[in-house]
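Structure, as structure tokens:
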Amino acid sequence: FFYSFYYLLKTNDNFFKYQRKINLFLQKIKNNPLYIDFLSEQLQKINQISIIQAQQQIVKQITQIEVNFDLTGKLIKIIDKKNEEYLKIACERILFFDNQKENSQIVLNYLMQLILNEKTEYHRFFHFYPIKHLDDLSFYKPRRSKQEMSIIALEKVSEETYYSLEQKILTFQQEKFYNKKNIYKFVQQLLQQHNFYKASDLDLKNNEDMIRLMLIYLYANTYQNNTYHIQDLKTKIQKKPMAFADFGIFLSDSNQ
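Quick look at the structure:
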């Protein structure tokens, strides 16, 4: 009963569950000049002070709220630790006197009563072994330490990062960027008028053309490829600066 009640208290009405959202909201107000200006104007009208004084008071009050929340969190942790200790001791006392749960303390108390009252020999209840076979930490269950909550202010993505991302996207979309999509597109355009094309018929003017030819051969053997197939022609071709075994390129049945 005590543990279930304490569990509900810890989960349903937990201070730390709301602390993070409130701190994020305060950070949002501090980092947004529009919020500060709006609050300062309202405070200026109410207290009849200058706009600079109003802004200083607003920022000071927000900072004080954050400090108060931090101190409240530390105080709740101290109280929470004490509550758990008191609750554990209270439950152990109730179980000890009630004798409804056979934990180690109750079992030991029961055995001691038997030995003292009936003069029973102890070896009927205890079996001793050499100390080297025992783990002196076998009954030790370390409690998991509570993790400290850290609040990090949200940072806006810079314009340089946006620009760099746009440039990368444009690079991926260029036809000269040899990903699978562009290779498949090139092969489809190549085979629009001819169902069969030899690799030796391709112009290899520069390194990009040679890389594209290699990728055509490699991508043909991937399991995702349903665009084209290749056929080894068992003919050695010499095109400076490279030599390769000629192969034919043809569309797959689903693309004819």
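Position one of the sequence shown corresponds to residue -5 (my numbering), numbered consecutively onward.
Virtual Cβ for every residue (Gly too), placed ideally from N, Cα, C.
query: So what's A84 in DSSP terms, helix, strand or just coil?; result: helix
query: Have a look at M143 and D31 and give me their C-alpha separation to the nearest angstrom.; result: 30 Å
query: Kindly indicate which residue of L159, Y213, E149, K228 has the alpha-carbon position closest to the one of K24.; result: E149
query: Leaving out five residues before and five after S34 in sequence, what residues of the same chain have Cβ atoms less than 7 Å from its Cβ?; result: I45, A48, Q49, I52
query: Where does L207 land, buried or exposed, given buried means 16+ other C-beta within 10 angstroms?; result: buried
query: Using the Cα positions of S158 and N219, report the straight-line distance between them to the nearest angstrom.; result: 31 Å
query: Measuring alpha carbon to alpha carbon, tell me which of A239, N201, T229, V181 ends up nearest H223.; result: V181
query: Candidates Y211, T221, N201: which alpha carbon is nearest D240's?; result: Y211
query: Can you tell me whether Y12 is buried or exposed, with buried defined as 16 or more other CB within 10 angstroms of its CB?; result: exposed
query: Quick check: the Cα distance between E79 and I73, rounded to an integer number of angstroms?; result: 10 Å
query: If you drop the 5 nearest sequence neighbours on each side, which residues of the same chain put their C-beta closer than 8 Å to that of T221?; result: Y178, V181, Q182, L245, S246, N249
query: Output needed for L37: all residues of its chain with C-beta closer than 8 Å, excluding positions within five of it in sequence on either side, in chain order.; result: I43, A48, Q51, I52
query: Does DSSP put I125 in a helix, a strand or coil?; result: Unreliable placement is indicated for I125, whose pLDDT of 49 sits below 50; the coordinate value is still reported in the next sentence. Three-state result, I125: helix.
query: Please confirm whether F241 has its beta-carbon closer than 8 Å to some beta-carbon of chain D.; result: Looking for chain D here will not work: only one protein chain is present.
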